[in-house]
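Numbering (the working numbering), first residue to last: 4 to 362.
As structure tokens, the structure follows; a few thoughts come after it.
This is the structure we're talking about:
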């Protein structure tokens, strides 16, 4: 293996395990099982910077000089890093809890993946239990930031979450999944030690885990839920679709209605493209050198475009693409760079007119 690439791969893997000890537990690396992931806003900013640094290091390598195996390793790491960096634009970390994931689902899984063979293993489990209130506070801070900036879950994805937390905290401690590792502790551990650890487990679950879960649940019920309704303009009365008109077909079956919605939204792009008249000549017919007003446009910046997108009124009507201003504002971090590039490339060309096909 190329030595420089090997060094970057090993450094990245070590960093990955350090930044995400819960991920390490999942993949069988148990050296940091006593720690929890840092879910603070500052930690996410720091990870973004580190990911960009790794990309920069990686791109200094001459790919053409690598053999096929090394090229594959290079491409896989590059893909993982770029996917992470591009994904961060959507700030999904501001959605730490929903009906499919979050501490009410994931924390128990993490505990089940931990080793429970020797006293040190049980000490690590207890360490995570006692550290959890801090992570719970970080989760609440992420939700607060999401609400402040307009990043909230779909209402339907949150409806059952409070009940999920309630079910956990109302389970008697010694019947909970969190006490499971301590029920049948290995016999080589002396009885006095076992009893002590079992008592500490009960105390940690009662005084650390359950109150932390309750705190998250209460925030969702008392603060986040109200904010989600306000942001989405939702009324308390739900609308149920019992019938869907698909032109020639009227759908009444719930499964058919779901598939009908899916088909409609999946085909918006292709249907729109099929309705556009294709020009019978190439772009050079439209592009004519001239000293028009368009030619006087000055190059813009990503920041300018981003601010323009964020400043759009959510009440404005959609254009021919049927994309609402609200969606454009949400997508601004991801599309501002591309729109800036398109505008600056176009503004570099002298045009007598701005073709409809480019609008």
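Just so you know, even glycine gets a beta-carbon here, dropped at the ideal spot from N, CA and C.
None of these values were measured; they are calculated from a predicted model.
Exercise for the section: Using only alpha-carbon positions, find the residue among 100, 301, 313 that is nearest to residue 344. Expected result: Position 341 of the chain shown holds residue 344. Nearest option by C-alpha distance: 301.
Exercise for the section: Could you tell me the distance, in whole angstroms, from the CA atom of residue 296 to the CA atom of residue 151? Expected result: Start at 1 with the first residue of the chain shown, and residue 296 comes out as number 293. Start at 1 with the first residue of the chain shown, and residue 151 comes out as number 148. Its pLDDT being 46, under 50, residue 296 is placed unreliably by the model, and the measurement read from it follows with that caveat. Computed Cα separation, rounded: 41 Å.
Exercise for the section: Over the uninterrupted alpha helix (DSSP H) stretch that includes residue 310, give me the two end residues. Expected result: Locating residue 310 in the chain shown gives position 307, where the first residue counts as 1. Unbroken alpha helix (DSSP H) run through residue 310: 305 to 313.
Exercise for the section: Specify the secondary structure class of residue 89 as computed by DSSP and reduced to three states. Expected result: Start at 1 with the first residue of the chain shown, and residue 89 comes out as number 86. DSSP places residue 89 in helix when its eight states are reduced to three.
Exercise for the section: Have a look at residue 335 and residue 79 and give me their C-alpha separation to the nearest angstrom. Expected result: As a first step, residue 335 must be located in the chain shown, where it is residue number 332. As a first step, residue 79 must be located in the chain shown, where it is residue number 76. Approximately 27 Å between the Cα atoms of the pair.
Exercise for the section: Between the Cα of residue 332 and those of 182, 57, 311, spot the shortest distance and give me the residue it belongs to. Expected result: Walking along the chain shown from the start, residue 332 turns up at place 329. If we check each option's Cα against that of residue 332, 311 comes out closest.
Handout entry: Distance between residue 126 and residue 341 (C-alpha atoms, nearest Å)
Key = Start at 1 with the first residue of the chain shown, and residue 341 comes out as number 338. Start at 1 with the first residue of the chain shown, and residue 126 comes out as number 123. Those two C-alpha atoms are separated by around 50 Å.
Exercise for the section: Output the distance between the C-alpha atoms of residue 58 and residue 210, rounded to the nearest integer angstrom. Expected result: By one-based count along the chain shown, residue 58 stands at place 55. By one-based count along the chain shown, residue 210 stands at place 207. If you draw a straight line from the Cα of residue 58 to the Cα of residue 210, it comes to about 43 Å.
Exercise for the section: Mind reading off the beta-carbon distance from residue 181 to residue 107? Whole number of angstroms is fine, and I expect it under 8 Å. Expected result: Counting from one through the chain shown, the residue named residue 181 turns up at place 178. Counting from one through the chain shown, the residue named residue 107 turns up at place 104. That pair is no contact at about 12 Å.
Practice task
Use the C-beta contact count for residue 165: other C-beta atoms within 10 angstroms, 16 or more gives buried, fewer gives exposed.
Solution key: In the chain shown, counting from the first residue as 1, residue 165 sits at position 162. That one is buried.
Practice task
Report yes or no: do the region 49 to 57 and the region 72 to 89 share at least 3 C-beta pairs separated by less than 8 Å?
Solution key: Enough Cβ pairs lie closer than 8 Å, so yes.
Problem - Exposure of residue 271, with buried meaning 16 or more beta-carbon neighbours within 10 Å - result: As a working mapping, residue 271 is identified with position 268 in the chain shown. Classification of residue 271: exposed, given that the 10 Å Cβ count is below 16.
Exercise for the section: Grab me the residues of residue 134's own chain with a C-beta within less than 7 Å of its C-beta, minus the 5 sequence neighbours each way, in chain order. Expected result: For this step, residue 134 is matched to residue 131 along the chain shown. Within the same chain, Cβ atoms closer than 7 Å to the Cβ of residue 134 are found at 39, the five residues on either side in sequence being excluded.
Practice task
Determine, using beta-carbon pairs with one atom in the region 156 to 176 and one in the region 85 to 103, whether at least three such pairs fall under 8 Å.
Solution key: Taking 8 Å as the limit for Cβ pairs, the verdict is that the region 85 to 103 does touch the region 156 to 176.
Problem - Reduced DSSP secondary structure (H/G/I, E/B, other) of residue 293 - result: Looking up residue 293 in the chain shown gives position 290. Note on residue 293: pLDDT 46, under 50, position unreliable in the model; no value is reported.
Handout entry: Cutoff 8 Å; reference residue 227; Cβ partners in own chain excluding five residues on either side
Key = Along the chain shown, read from residue 1 onward, the residue named residue 227 stands at position 224. Counting only Cβ-Cβ distances below 8 Å, and skipping sequence neighbours, we find 146, 150, 155, 161.
Exercise for the section: Tell me where the beta strand (DSSP E) around residue 254 begins and ends. Expected result: The residue given as residue 254 occupies position 251 in the chain shown. Element bounds for residue 254: 252 to 254.
Practice task
Just the C-alpha distance for residue 144 and residue 43, rounded to the nearest angstrom, thanks.
Solution key: For this step, residue 144 is matched to residue 141 along the chain shown. For this step, residue 43 is matched to residue 40 along the chain shown. Answer to the nearest angstrom: the Cα atoms are 8 Å apart.
Problem - residue 360 - DSSP class collapsed to helix/strand/coil - result: Numbered from its first residue, the chain shown carries residue 360 at position 357. Confidence at residue 360 is low in this model, with a pLDDT of 46, below 50, so the placement of that residue is unreliable and no value is reported for it.
Exercise for the section: Kindly indicate the opening and closing residues of the alpha helix (DSSP H) around residue 50. Expected result: Taking the first residue of the chain shown as position 1, residue 50 is located at position 47. 44 to 61 is the extent of the alpha helix (DSSP H) around residue 50.
Handout entry: N-terminal and C-terminal residue of the alpha helix (DSSP H) that residue 197 is part of
Key = In the chain shown, the residue the question calls residue 197 occupies position 194. Taken as a continuous stretch (DSSP letters only), the alpha helix (DSSP H) holding residue 197 covers 194 to 207.
Exercise for the section: May I have the straight-line CA-CA distance separating residue 255 from residue 35, to the nearest angstrom? Expected result: Here residue 255 is taken as the residue at index 252 of the chain shown, counted from 1. Here residue 35 is taken as the residue at index 32 of the chain shown, counted from 1. Computed Cα separation, rounded: 53 Å.
Problem - Sequence-distant residues of its chain with Cβ nearer than 6 Å to residue 33 (five each side left out) - result: Numbered from 1 along the chain shown, position 30 holds the residue referred to as residue 33. Spatial neighbours of residue 33 in its own chain (CB-CB distance under 6 Å, excluding positions within 5 residues in sequence) are listed in chain order as 118.
Handout entry: Per-residue burial, residue 77 [other beta carbons within 10 Å of its own, 16 or more giving buried]
Key = As a working note, residue 77 is residue 74 in the chain shown. Residue 77 should be labelled buried.
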